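S.K.: In this note's numbering, the protein residues as written are 50 to 323. Glycine residues also receive a C-beta, built at the ideal position from the N, C-alpha and C atoms. Values in this document were obtained by computation on a predicted structure and should not be read as measured data.
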């Protein structure tokens, strides 16, 4: 590796995320973050906004902005991250794009069309390759690939079908239901009770919830409860029975079986590894 050639302004990171992973808190970076979901599903929280990402979703998160991600169980999640400095955006100013918000026109997330998803991954792979400092022109190559990638994202968002919006009228109610689950998971939440609360039929709620989140209602509820339990295992000395009660499980046996299915180890074993 030629360390003297490594581009200083980029930090790529391609990783397979566990099938069930939830950040415990919001965080910020001192660089911009570009997140591209290669496979799987992800819930992205940016400040007070929430986005449901799927394969081909691309998010651009400004530096200093609070955000958090949750990856749900059920399939492999592979995401590519690219951190970059603010100065990398000066080129856009020089070419008539006067504000970074113009790039995605205020939308944090766009959906890359299926036929172009391999192209986006290739661009990120090229940037990652040049990051290892192939030769003296690696920084120039990395910058060129980055500009090309972001320009395509800008073109992509001009088509409304590609914009992933928090306030889409078709998903606003489901978003409220998701927020309700996140705030009340320790209570006795049921599909029938939730449907009645939000003036929906059970079948309609089930179909719309799956279409919006990519997960079944019960699956999502259990995943939220399990990750809340994992956080209590890390941060408290509560007993298994107490944690089960705090996180909405009917009893410690149900909690133990569910936790083991998600994390591939028992709650007690998980706590011992911390």
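Look up residue 196 in the DSSP assignment and say whether it is helix, strand or coil.
M.R.: Here the question's residue 196 lines up with position 147 in the chain shown. Three-state DSSP puts residue 196 in a helix.
S.K.: State yes or no: is the C-beta of residue 255 within less than 7 Å of the C-beta of residue 266?
M.R.: Sequence index remark: in the chain shown, residue 255 carries index 206 (1-based). Sequence index remark: in the chain shown, residue 266 carries index 217 (1-based). Yes, these two residues count as a Cβ contact at 7 Å.
S.K.: Would you check if the distance between the CB atom of residue 296 and the CB atom of residue 274 is smaller than 7 Å?
M.R.: Sequence index remark: in the chain shown, residue 296 carries index 247 (1-based). Sequence index remark: in the chain shown, residue 274 carries index 225 (1-based). Their beta carbons are under 7 Å apart, which means residue 296 touches residue 274 by this criterion.
S.K.: If you draw a straight line from the C-alpha of residue 241 to the C-alpha of residue 282, how long is it?
M.R.: Locating residue 241 in the chain shown gives position 192, counting from the first residue. Locating residue 282 in the chain shown gives position 233, counting from the first residue. Between residue 241 and residue 282, the C-alpha separation is close to 30 Å.
S.K.: Going by C-alpha to C-alpha distance, which of 251, 198, 60 and 291 sits closest to residue 141?
M.R.: Looking up residue 141 in the chain shown gives position 92. Among 251, 198, 60 and 291, the Cα nearest to that of residue 141 is on 198.
S.K.: Sort 112, 92 and 109 by Cα distance to residue 103 and report the nearest one.
M.R.: Counting from 1 along the chain shown, the entry for residue 103 is found at position 54. Minimum Cα distance to residue 103 is reached at 92.
S.K.: Return helix, strand or coil for residue 183, following the three-state DSSP convention.
M.R.: Your numbering for residue 183 matches position 134 in the chain shown. Residue 183 falls in the coil class under three-state DSSP.
S.K.: Per the contact definition of three or more C-beta pairs closer than 8 Å, is the segment 166-173 in contact with the segment 181-191?
M.R.: With the cut-off at 8 Å, the segment 181-191 and the segment 166-173 do not touch.
S.K.: Relative to the alpha-carbon of residue 128, which residue among 206, 62, 227 and 230 has its alpha-carbon at the smallest distance?
M.R.: Counted from its first residue, the chain shown places residue 128 at position 79. Closest by alpha carbon: 62.
S.K.: Excluding the five sequence neighbours on either side, which residues of its own chain have a C-beta within less than 7 Å of the C-beta of residue 260, listed in chain order?
M.R.: The residue given as residue 260 occupies position 211 in the chain shown. Closer than 7 Å at Cβ, skipping near neighbours: no residue.
S.K.: What is the rounded straight-line gap between the Cα of residue 139 and the Cα of residue 299?
M.R.: What you label residue 139 is simply residue 90 of the chain shown in a count that begins at 1. What you label residue 299 is simply residue 250 of the chain shown in a count that begins at 1. So the two alpha carbons sit approximately 55 Å from each other.
S.K.: Residue 239 bridges to which residues according to DSSP?
M.R.: The sequence position of residue 239 within the chain shown is 190, counting from 1. None; residue 239 has no bridge partner.
S.K.: Just mark residue 303 as buried or exposed, buried being the case when its beta carbon has 16 or more other beta carbons within 10 Å.
M.R.: Along the chain shown, read from residue 1 onward, the residue named residue 303 stands at position 254. It counts as exposed.
S.K.: Rank 79, 108 and 206 by C-alpha distance to the C-alpha of residue 86 and give the top, closest one.
M.R.: In the chain shown, residue 86 corresponds to position 37, counting from 1. Nearest of 79, 108 and 206 to residue 86, Cα basis: 108.
S.K.: So residue 307 is in the alpha helix (DSSP H); what residue range does that whole segment cover?
M.R.: Translated into the one-based positions of the chain shown, residue 307 becomes position 258. Taken as a continuous stretch (DSSP letters only), the alpha helix (DSSP H) holding residue 307 covers 301-312.
S.K.: Hey, could you find the ends of the alpha helix (DSSP H) residue 226 is sitting in?
M.R.: On the chain shown, residue 226 is found 177 positions in, with the first residue counted as 1. Its alpha helix (DSSP H) spans residues 221-233.
S.K.: In this structure, what does DSSP give as the bridge partners for residue 60?
M.R.: Stepping through the chain shown from its first residue, residue 60 is reached at position 11. Looking at the DSSP assignment, residue 60 forms a beta bridge with 132.
S.K.: Apart from the five residues just before and just after residue 83, which ones in its own chain have a Cβ nearer than 6 Å to its Cβ?
M.R.: Position 34 of the chain shown, counting from 1, holds the residue named residue 83. Within the same chain, residue 83 has close Cβ partners 109 and 131.
S.K.: Secondary structure at residue 206, three-state DSSP: helix, strand or coil?
M.R.: For the purposes of this step, residue 206 is taken as the residue at position 157 of the chain shown. Note: residue 206 maps to coil in three-state DSSP.
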